[in-house]
Amino acid sequence: MMERVRSGGVRDPRVLAAMAAVPREEFVLAADREQAYADRALPIGEGQTISQPLMVALIVEALELRPGDLALDIGTGSGYQAAVMAACGARVVSVERLPGLARAAAERLRRLGCAVEVIAGDGSLGLPDRAPFNAIAVGAAAPHLPAVLARQLGEGGRLVVPIHAGPAGENLVRLRVRAAAWLTEDLGPCRFVPLIGADAYAPPRRDG
Ligand code: SAH
4 MMERVRSGGV RDPRVLAAMA AVPREEFVLA ADREQAYADR ALPIGEGQTI
54 SQPLMVALIV EALELRPGDL ALDIGTGSGY QAAVMAACGA RVVSVERLPG
104 LARAAAERLR RLGCAVEVIA GDGSLGLPDR APFNAIAVGA AAPHLPAVLA
154 RQLGEGGRLV VPIHAGPAGE NLVRLRVRAA AWLTEDLGPC RFVPLIGADA
204 YAPPRRDG
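Residues 4 to 211 in the numbering used here are what the sequence shown spells out, letter by letter.
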């Protein structure tokens with residue numbers, strides 16, 4: 004897995020160390036443990052997936068986390084990406100809309116000793132009470148650039164989010180706050196499950 008992460012272009016030593024330290028097999032279903040270090044997304048229940056390790060590494064590298072940074076992770080899923088962010092030294096708050104996944108992730112992260120606070124709820128509006136953040140990662144595809152989230156970044160803050168780019172999938176976009184202006188960069192194509200919430204896509208009908 005680490006070879007793939009390196010050949011995929013990830014260079015930041017802090018991110019490489021974090022990827023090597025977090026046991027991905029603890030975040031996948033028992034039946035998929037053998038696949039845990041393959042560079043592929045895997046199911047985690049409730050129709051959701053844990054992203055492929057290279058994608059997680061690229062997102063976390065793009066966040067440019069420094070020890071002590073306050074970081075928001077939207078779409079906890081298994082908790083894997085939040086754990087990698089915490090292993091980079093960030094204080095991480097992670098929000099998951101599906102209560103069952105939030106509960107399982109919180110329990111898993113506690114058991115593994117990862118300093119991540121998990122909150123169940125819609126993260127599409129961010130966490131205004133906790134802002135400003137140094138970094139915000141969105142682990143699901145947003146329909147448009149989430150201005151609500153960008154407003155919760157402090158000076159120098161980074162937001163990394165997959166944004167709908169047509170039927171073929173999403174573009175990973177980084178937004179940076181510099182002198183109160185927003186600078187965006189395109190980091191390349193990607194594929195994510197949809198972000199569902201008040202400032203995102205509507206829930207599927209059977210989802211209640
Ligand atoms: N990064 C995660 C995988 C994320 S999958 C990991 O490492 O395992 C995307 C997750 O986003 C899913 O669990 C989905 O339920 C969640 N999600 C979708 N919309 C959301 C929203 N508005 N707020 C919080 N979580 C959301």
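Glycine included, C-beta positions come from ideal geometry on N, C-alpha and C.
Query                                                                                                        : Result
Cβ-based burial, Pro165 [other Cβ within 10 Å; buried from 16]                                               : buried
7 Å Cβ cutoff met for Ala213 and Asn174                                                                      : Any property of residue 213 remains undetermined from this structure, which presents the chain solely from 4 to 211.
Outcome for Gln55 when other beta-carbon atoms lying within 10 angstroms are tallied against a minimum of 16 : buried
Secondary structure of Arg94, DSSP reduced to three states                                                   : strand
Interface flag, Glu37 vs chain D, CB-CB below 7 Å                                                            : The structure shown contains no chain D; it is built from a single protein chain.
Closer than 6 Å: Ala145 CB and nearest the ligand SAH heavy atom                                             : no
Simplified DSSP state of Gln55, which is helix, strand or coil                                               : coil
Residue(s) in a DSSP beta bridge with Arg181                                                                 : Ala184
Residues that His167 bridges to, as DSSP identifies them                                                     : Glu173
Cβ-Cβ distance between Leu178 and Leu198 below 7 Å                                                           : no
Close beta carbons around Ala21, own chain, < 6 Å, minus the five adjacent residues each side                : Val87, Ala90, Cys91
Proximity of Ala109 and Val121 at Cβ, strictly below 7 Å                                                     : yes
8 Å contact criterion, which Ala143 and Phe195 should meet: CB distance rounded                              : 5 Å
Identity of the residues DSSP links to Ala140 by a beta bridge                                               : Asp76, Val163
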